[in-house]
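Peer 1: First residue of the sequence shown: 906, per our numbering; consecutive thereafter. From the three backbone atoms N, C-alpha and C, an ideal C-beta is built for every residue, glycine too. As the structure is a prediction and not an experimental result, all values here were calculated from the model.
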Amino acid sequence: MFQEEEISRLKVRLRETEEKLAQVRLSRRVLLHLLEKVEAERNLFLKRLEKENRRLQRANARYARSLLKKNQQIIELESRLRSSESQNS
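1) Excluding the 5 residues flanking E911 on each side, which residues of the same chain have their C-beta closer than 8 Å to its C-beta?
2) State the Cα-Cα distance for the pair E966 and R960, rounded to the nearest angstrom.
3) Considering only residues of the region 924 to 957, which uninterrupted beta strand (DSSP E) runs meet the minimum length of 3 residues and lie entirely inside it, listed in chain order?
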């Protein structure tokens, strides 16, 4: 009698443990799927940031060249102005 009750109790515990194991396995699969999704989104975000960074670097280089050109024009105009003023004196 005692053995049958013990066996029955152990079978119930075994079933509960198997159910918990199944839940843990499912949770693990869900978490791995979410992790893969987050990793993919992070990689996409990083690629976008890198692309934006390259675009900004190109724009910055263009702006720097434009400033340099304008500075050269200002120097040239100032030189002409000084030359013109010295000829008029």
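Peer 2: From the atom records:
1) none
2) With the sequence shown as reference, residue 966 is identified as Ala, and Glu is not the correct amino acid for it. When rounded, the distance between both Cα atoms is 10 Å.
3) none
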